[in-house]
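J.: Read top to bottom, the protein sequences are chains R and Z. Heads up, the first sequence stops at 191 in our numbering, and the numbers go up one at a time, no gaps. Heads up, the second sequence stops at 351 in our numbering, and the numbers go up one at a time, no gaps. I'd like to ask some things about the structure below.
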Amino acid sequence: MRSFDELYAMYHAHVYRFACALAGDARDAEDLFQETWLRAVRASAEVREPEASNAKAWLFAIAANAHKDSLRKKRVRRLFLLERKRSMAEGTADADPGWDPPGYAHERDEARSDIRLCLRRAVSRLPGRERRVFVLKDIEGFKHEEIGRMLGIPEATVRTLLHRAVRRLRKELAEFRLAADGKPVFEEGGS
Amino acid sequence: MTKSLRCRDVERLLLEREDGAFAAGEERLVEEHLRACAGCRGFTADRALIRGELTGVRWPEPPAELVSRTRRMLRRRGPERATAVPPAWVLISLAAVTIITALWLAVSLADVTPDMTLADLPLAALGAVLIIVQNAVMLFCAPVVLRAFRMRRSGPESIR
């Protein structure tokens with residue numbers, strides 16, 4: 001059990017950060033964090049002790065699967081009206097994954113913090129598969145091939161999902177700029 | 192090839208370049224396209240902005256209470272043993288029982304026709320129907336029962 005303790009000590013902050021980036025709000029991030037570690041401790045009896053270099057990827061793959069399952073459960077619950085939609089974009093009080101500590105935005109110039117806010121809302125609105133790929137690539141810095149292995153999808157699919165995610169984020173950025181300046185900042189270059 | 196298709200391809204290639212998977216010929220083609228296409232230059236600029244902004248995000252530390260609660264939960268549970276594979280004699284016995292039951296069901300239901308009612312069925316056929324219904328109900332309820340059992344075993348400090 002000592003080795004799992006070490007794994008937890010080494011990676012709990014990484015897993016929490018990943019959970020924050022994936023989840024729509026702080027409560028979901030905490031649930032995802034716990035679910036990931038529970039699954040990891042269950043799986044650790046069945047798989048060989050993950051090597052140090054692979055341990056992070058192994059944990060993130062578990063977290064990504066847990067995220068996928070949680071979104072599916074949410075969809076079912078919403079279908080049967082057991083849960084109301086709750087997302088960061090709706091601006092509810094507890095709907096902040098804590099990407100920046102409160103007050104942090106005021107330390108920067110307003111425009112910069114606004115763009116960051118727009119971006120994080122846009123990321124939280126990405127469809128589940130695109131969000132997982134985007135977060136693994138842009139926030140965690142994994143390569144396409146590694147992401148494909150972690151999520152169990154072909155590398156070409158990873159590239160397609162990332163491309164779609166970036167296009168969606170660009171669209172959100174364009175709308176944000178249009179609202180802020182009253183004029184588009186980039187020219188639409190094809191579809 | 193249309194311009195929109197070219198732009199889409201260039202955008203994908205630009206994303207691939209971030210992984211270092213870029214041939215020299217492709218690099219030249221992309222650079223030529225970028226010089227001529229303001230839309231793709233905008234894509235490059237936005238991509239850099241997105242990456243820059245995300246790099247600047249200060250990620251929160253996990254709440255201490257959550258970290259200690261999860262650690263306690265993990266220590267209490269420990270790694271669960273992998274499901275043990277039953278010994279060979281158990282598997283062989285189960286297979287034998289399954290085959291014998293299937294043969295018995297086939298023989299018992301051989302004379303049953305679709306126009307017969309339950310009252311018309313011989314005793315052996317009634318027994319066969321009972322076994323089929325009982326198995327169907329068990330298969331339907333097993334997931335619910337197993338889930339309830341697991342939840343009871345996981346205790347009150349499991350996932351909220």
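For glycine and all other residues, C-beta sits at the position ideal for the given N, C-alpha and C.
So for Lys143 (chain R), helix, strand or coil by DSSP?
T.: The count along the first sequence starts at 1 and reaches residue 143 (chain R) at position 143. Three-state result, Lys143 (chain R): coil.
J.: Report the neighbours of Leu206 (chain Z) on chain R: residues whose CB is nearer than 8 Å to its CB, in chain order.
T.: What you label residue 206 (chain Z) is simply residue 15 of the second sequence in a count that begins at 1. Those within 8 Å of Leu206 (chain Z) in chain R are Arg159, Leu162, His163, Val166.
J.: Would you please verify whether the beta carbon of Arg351 (chain Z) is less than 8 Å from any beta carbon of chain R?
T.: Sequence index remark: in the second sequence, residue 351 (chain Z) carries index 160 (1-based). Below a pLDDT of 50, predicted positions are generally treated as unreliable, and Arg351 (chain Z), at 39, falls in that range; no measurement from the model is reported.
J.: Do you know whose CA, among Z:Trp295, Z:Thr289, Z:Ser299, Z:Cys198, lies nearest Glu223 (chain Z)'s CA?
T.: The residue given as residue 223 (chain Z) occupies position 32 in the second sequence. For the residues Z:Trp295, Z:Thr289, Z:Ser299, Z:Cys198, the minimum Cα distance to Glu223 (chain Z) belongs to Z:Cys198.
J.: Mark Phe60 (chain R) as exposed unless 16 or more other C-beta atoms lie within 10 angstroms of its C-beta, in which case mark it buried.
T.: As a working note, residue 60 (chain R) is residue 60 in the first sequence. It counts as buried.
J.: Can you check which of these residues, R:Leu38, R:Ser124, R:Gly152, is closest to Gly24 (chain R) by C-alpha distance?
T.: Along the first sequence, one-based indexing puts residue 24 (chain R) at 24. Checking every option, the nearest Cα to that of Gly24 (chain R) belongs to R:Ser124.
J.: What are the boundary residues of the alpha helix (DSSP H) that includes Gly216 (chain Z)?
T.: Within the second sequence, numbered from 1, the residue matching residue 216 (chain Z) stands at position 25. Residues 215-227.
J.: Using the C-alpha atoms, what's the distance from Arg341 (chain Z) back to Ile323 (chain Z)?
T.: Here the question's residue 323 (chain Z) lines up with position 132 in the second sequence. Here the question's residue 341 (chain Z) lines up with position 150 in the second sequence. Cα to Cα, Ile323 (chain Z) sits roughly 27 Å from Arg341 (chain Z).
J.: With C-beta atoms as the reference, is Asp237 (chain Z) less than 8 Å away from Leu173 (chain R)?
T.: Counting from one through the second sequence, the residue named residue 237 (chain Z) turns up at place 46. Counting from one through the first sequence, the residue named residue 173 (chain R) turns up at place 173. The answer is yes: Cβ separation under 8 Å.
J.: Taking Arg164 (chain R) as part of the alpha helix (DSSP H), name the residues at either end of that continuous run.
T.: Along the first sequence, one-based indexing puts residue 164 (chain R) at 164. Note, Arg164 (chain R): alpha helix (DSSP H), 155-181.
J.: Please tell me whether Asp28 (chain R) has its Cβ less than 8 Å away from any Cβ of chain Z.
T.: Walking along the first sequence from the start, residue 28 (chain R) turns up at place 28. No, because no Cβ of chain Z sits closer than 8 Å to the Cβ of Asp28 (chain R).
J.: Could you please give the first and the last residue of the uninterrupted alpha helix (DSSP H) stretch that includes Thr304 (chain Z)?
T.: Position 113 of the second sequence, counted from the first residue, corresponds to residue 304 (chain Z). First-last for Thr304 (chain Z): undefined, no H or E at that position.
J.: Counting only runs of 4+ residues fully inside the region 225-265 of chain Z, write out the alpha helix (DSSP H) ranges in chain order.
T.: Correct list: 229-246.
J.: Nearest to Gln34 (chain R) by CA position, among Z:Arg260, Z:Glu252, Z:Val336, is which residue?
T.: Taking the first sequence and counting its residues from 1, the one referred to as residue 34 (chain R) is at position 34. Among Z:Arg260, Z:Glu252, Z:Val336, the Cα nearest to that of Gln34 (chain R) belongs to Z:Arg260.
J.: Relative to the alpha-carbon of Leu317 (chain Z), which residue among Z:Val303, Z:Asn326, Z:Ala239, Z:Gly211 has its alpha-carbon at the smallest distance?
T.: Indexing the second sequence from 1 puts residue 317 (chain Z) at position 126. Closest by alpha carbon: Z:Val303.
J.: When Cβ atoms are compared, which residues of the region 210-239 of chain Z fall closer than 9 Å to chain R?
T.: Going along the region 210-239 of chain Z in chain order, one finds Asp210, Gly211, Ala212, Cys228, Ala229, Gly230, Cys231, Arg232, Gly233, Phe234, Ala236, Asp237, Arg238 with a Cβ nearer than 9 Å to chain R.
J.: Determine the direct distance from the alpha carbon of Phe176 (chain R) to that of Leu117 (chain R), and round the result to whole angstroms.
T.: Residue mapping note: residue 117 (chain R) aligns to position 117 of the first sequence, counting from 1. Residue mapping note: residue 176 (chain R) aligns to position 176 of the first sequence, counting from 1. Each residue's alpha carbon lies about 10 Å from the other.
J.: So the alpha helix (DSSP H) Glu30 (chain R) belongs to, where does it begin and stop?
T.: As a working note, residue 30 (chain R) is residue 30 in the first sequence. Taken as a continuous stretch (DSSP letters only), the alpha helix (DSSP H) holding Glu30 (chain R) covers 26-43.
J.: Strictly under 8 Å for the Cβ-Cβ distance: is Trp37 (chain R) near chain Z by that measure?
T.: Position 37 of the first sequence holds residue 37 (chain R). It does: the Cβ of Trp37 (chain R) has a partner Cβ on chain Z nearer than 8 Å.
J.: I'd like to know whether the C-beta of Leu337 (chain Z) is nearer than 8 Å to at least one C-beta of chain R.
T.: Sequence index remark: in the second sequence, residue 337 (chain Z) carries index 146 (1-based). Judged by the 8 Å Cβ criterion, Leu337 (chain Z) is not in contact with chain R.
J.: On the criterion of 16 or more Cβ atoms from any shown chain inside 10 Å, does Ala64 (chain R) qualify as buried, or is it exposed?
T.: Taking the first residue of the first sequence as position 1, residue 64 (chain R) is located at position 64. It is buried - the Cβ of Ala64 (chain R) has at least 16 other Cβ atoms within 10 Å.
J.: Report all residues from its chain with a CB closer than 7 Å to the CB of Lys258 (chain R); omit the five preceding and five following residues, and keep chain order.
T.: Residue numbering for chain R in the displayed model covers 1 to 191; residue 258 (chain R) lies beyond these limits and cannot be assessed.
J.: Between Glu256 (chain Z) and the rest of its own chain, which residues show a CB-CB distance below 8 Å, the 5 nearest in sequence each way excluded?
T.: As a working note, residue 256 (chain Z) is residue 65 in the second sequence. Same-chain partners within the cutoff: there are none.
J.: Under three-state DSSP, which class holds Ala339 (chain Z)?
T.: If you number the second sequence from 1, residue 339 (chain Z) lands on position 148. The answer is helix: DSSP assigns Ala339 (chain Z) an H, G or I state.
J.: Tell me the residue span of the alpha helix (DSSP H) that contains Gly128 (chain R).
T.: The residue given as residue 128 (chain R) occupies position 128 in the first sequence. Gly128 (chain R) -> alpha helix (DSSP H) spans 128-134.
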